[in-house]
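Position in the sequence shown (first residue = 1) + 21 = our numbering.
Even glycine gets a Cβ: it sits at the ideal position worked out from N, Cα and C.
First the structure, in the form of C-alpha cells, and then the observations on it.
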Amino acid sequence: MFLLDSHCDAPLMLAKGADFGRRVEQGYVPGKFPITHVDFQRMKKGGVNGSFFAIYTSNFLDPDAATRRAFELIAKVFDAVERNPGKVALTTTPAQARRNAKNGLISIFLGMENGAPIQKDLSLLRMFNRLGITYMTLTHARSNEICDSCTSPEPRWGGLSPFGREVVAEMNRLGMMVDVSHISDDSFWDVVKYSKAPVVATHSCCRALNDHPRNMTDEMIVALAEKGGVIQINFYPSFLDKEYNAKVSALIDAEEDTQVEWLKNPSDPALQQRMRETVEAMNAVPRPSYKKIVDHIDHVVRLVGFRHVGLGSDFDGIETCPDGLEDIGKMQKIIIELRKRGYSDYEIRQIAGGNFLRVMEQVQRLSE
Ligand SMILES: [Zn+2]
Numbered sequence: 022m023f024l025l026d027s028h029c030d031a032p033l034m035l036a037k038g039a040d041f042g043r044r045v046e047q048g049y050v051p052g053k054f055p056i057t058h059v060d061f062q063r064m065k066k067g068g069v070n071g072s073f074f075a076i077y078t079s080n081f082l083d084p085d086a087a088t089r090r091a092f093e094l095i096a097k098v099f100d101a102v103e104r105n106p107g108k109v110a111l112t113t114t115p116a117q118a119r120r121n122a123k124n125g126l127i128s129i130f131l132g133m134e135n136g137a138p139i140q141k142d143l144s145l146l147r148m149f150n151r152l153g154i155t156y157m158t159l160t161h162a163r164s165n166e167i168c169d170s171c172t173s174p175e176p177r178w179g180g181l182s183p184f185g186r187e188v189v190a191e192m193n194r195l196g197m198m199v200d201v202s203h204i205s206d207d208s209f210w211d212v213v214k215y216s217k218a219p220v221v222a223t224h225s226c227c228r229a230l231n232d233h234p235r236n237m238t239d240e241m242i243v244a245l246a247e248k249g250g251v252i253q254i255n256f257y258p259s260f261l262d263k264e265y266n267a268k269v270s271a272l273i274d275a276e277e278d279t280q281v282e283w284l285k286n287p288s289d290p291a292l293q294q295r296m297r298e299t300v301e302a303m304n305a306v307p308r309p310s311y312k313k314i315v316d317h318i319d320h321v322v323r324l325v326g327f328r329h330v331g332l333g334s335d336f337d338g339i340e341t342c343p344d345g346l347e348d349i350g351k352m353q354k355i356i357i358e359l360r361k362r363g364y365s366d367y368e369i370r371q372i373a374g375g376n377f378l379r380v381m382e383q384v385q386r387l388s389e
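What follows is the structure, encoded as C-alpha cells:
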C-alpha cells in the first residue's frame, strides 16, 4: 500500500522554525493537540509513504510578496528534506515515489496553494514547476488573476479569467495537476471544460453531507470522476460535519479576528487572555469523530465508485482536527475503519493513494 496525503500545510510550520526531524513537542497545548500535526517521525508512525507539502500564500499579499513567500516556503522544505536524508526525499513523479517507498523513504511532494505567486506570468509558472511544484490550487480564499474563489464575497471573473484559461492550458502542457479545491463552482465548471487532463480536488469534502461552499456538490464530483479525476477528503471538522460547523463557525471568526490583533501585539496580556478564551470556547465544542472522513469517502464511492476518492488531510492548515485523528501519526485509523466497513484490500490501496498517483501519472504522461 502507498498511503498518501495530498495536502498539508506543513511548510507554514517549517517557516515558523519547527524541526520535523524530531517530534515537535514544544507545540503541545496541555490536554489539547500539538500545534503541528505533521513531522517526519509521526508520518512514519502513521505509515504515510508520501505527502504533498503546500506552498501556501494568502490572497491578501501583494504580488511580489506572494512570489517571495512562495520561494521562502520552498526553501524551508528543501532545507528540512536535506537535513533528514535517511527519512524523506523530494519527489516529483509516482515512479520515484514508489521507489522511495521500497527504500524506506517518505516522499515529499510540493503543491502550490493559490496561483498568486506566478503573478500574470507563465514563465513563473514554468519556473515553479521546475522547482518541483506538481500541482497548483488555482486560488485560495479570494479571487486572484486566475479565477474566483468559493469564498470570495463578490465574483471577479464569473469563473476562470482569460489568463486563467492560459494557465490551465500551460499546466496541461507541463503535466501539472490542476487543483479545484477552494475555487468557485463557476471556476470549477470552467476548469472541467478547458482542462485537457483529469483534474484533482486535493482537500475537499462533499456538500451533500454538509452544505458548505468549500465542499463539492454531487454534480461536481460526478463531472470530476467522468474526467478521470479524484476528490481527496479534507479532515477539517467544519467541512466534515454539519452540526459541528453550525456550532463553531461564529467562534472561528472570533478566533481569527483575535489572532490578527494578538499577532500585532503578542505581549499584550488582555489580548493573550482573549485569545485563550476564544480558543477554549472553540475547543469546548465536541469535535466530530474521524469516522466522518470515512462517511465522506462512502458518499463518493456510492456516487462514482472507489477509483475517484482519497485523503487530503489539510493538517497544519486547520485549527481543529476530528476526534481520534489529531495528527498524521494516527492515519492508520482510517485504513482500519475502511476495512471495518467492508472495503477490499485492493479498494483500500486505491483510496489510500493509488487513485491519486494514477491521476498524477496520467496528467504527467499527457504532457509528453
Ligand atoms: Zn486549503
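VAL384 versus ALA218: straight-line alpha-carbon distance, rounded: 6 Å
Simplified DSSP assignment, three categories, for HIS28: strand
Whole runs of the alpha helix (DSSP H) within the stretch 222-272, excluding any shorter than 4 residues: 239-247, 258-261
Distance, GLU277 Cα to ILE356 Cα: 33 Å
Nearest candidate by alpha-carbon position, reference LEU309, set LEU284, VAL269, ARG323: Checking the sequence shown, residue 309 turns out to be Pro, not Leu. The candidate whose alpha carbon is nearest that of PRO309 is VAL269.
Distance cut-off 7 Å: ALA136 Cβ against heavy atoms of ligand 1: A small correction: the amino acid at residue 136 is Gly; Ala does not occupy that position in the sequence shown. For ligand 1, not one heavy atom lies less than 7 Å from the Cβ of GLY136.
Length of the line joining the Cα atoms of PRO118 and ASP289: Note that residue 118 is Ala in the sequence shown, not Pro. Cα to Cα, ALA118 sits roughly 47 Å from ASP289.
Endpoints, the beta strand (DSSP E) within which ALA86 is located: Run containing ALA86: none in the beta strand (DSSP E); it sits in the alpha helix (DSSP H), 84-103.
Neighbour-count burial assignment, PRO307, 16 or more Cβ in a 10 Å radius: exposed
Paired residues, beta bridge with LEU181 - DSSP: CYS168
Cα-Cα separation between SER128 and ALA87, rounded to whole angstroms: 26 Å
Endpoints, the beta strand (DSSP E) within which MET198 is located: 198-200
Meets three-Cβ-pair contact criterion under 8 Å: the stretch 72-80 and the stretch 148-166: yes
Of the listed residues SER225, GLY153, LYS214, nearest to ILE339 (C-alpha basis): SER225
Expected contact under 8 Å - CB spacing of PHE377 and GLY345 to nearest Å: Going by Cβ atoms, the distance from PHE377 to GLY345 rounds to 23 Å, so no, they are not a contact pair.
contact_flag[the stretch 311-330, the stretch 358-371] where n(CB pairs < 8 Å) is 3 or more: yes
Any non-hydrogen atom of ligand 1 within 7 Å of HIS320 CB: no
C-alpha distance - ASN255 paired with ASP142, whole-angstrom precision: 30 Å
Same chain, Cβ closer than 6 Å to MET34, five either side skipped, listed in chain order: THR57, ASP337
Segment contact flag, the stretch 189-201 with the stretch 169-177, C-beta cutoff 8 Å, min 3 pairs: no
DSSP-derived helix/strand/coil call for VAL59: coil
Any non-hydrogen atom of ligand 1 within 7 Å of GLY338 CB: yes
Cut-off 8 Å between Cβ atoms - residues of its own chain near SER182, not counting five sequence neighbours on either side: GLU166, ILE167, CYS168
LYS123 versus THR114: straight-line alpha-carbon distance, rounded: 15 Å
Distance cut-off 7 Å: SER202 Cβ against heavy atoms of ligand 1: yes
Any non-hydrogen atom of ligand 1 closer than 7 Å to HIS58 Cβ: no
Three-state class that DSSP yields for GLU289 in the structure shown: At residue 289 the sequence reads Asp, which differs from the Glu that was named. Coil, per DSSP.
Opposing strand residues paired with MET64 [DSSP bridges]: Partner(s): none; MET64 has no beta bridge.
ASP335 beta carbon near ligand 1 (any heavy atom closer than 7 Å): yes
VAL306 (DSSP reduced to helix, strand or coil): coil
Residue interval of the alpha helix (DSSP H) (run including LEU378): 376-387
Any 3 or more C-beta pairs closer than 8 Å across the stretch 222-238 and the stretch 249-265: yes
HIS224 beta carbon near ligand 1 (any heavy atom closer than 7 Å): yes
Per-residue burial, PRO234 [other beta carbons within 10 Å of its own, 16 or more giving buried]: exposed
4 or more residues per run - each alpha helix (DSSP H) lying fully within the stretch 304-366: 312-325, 353-361
Beta-carbon gap between LYS313 and ASP262 smaller than 8 Å: yes
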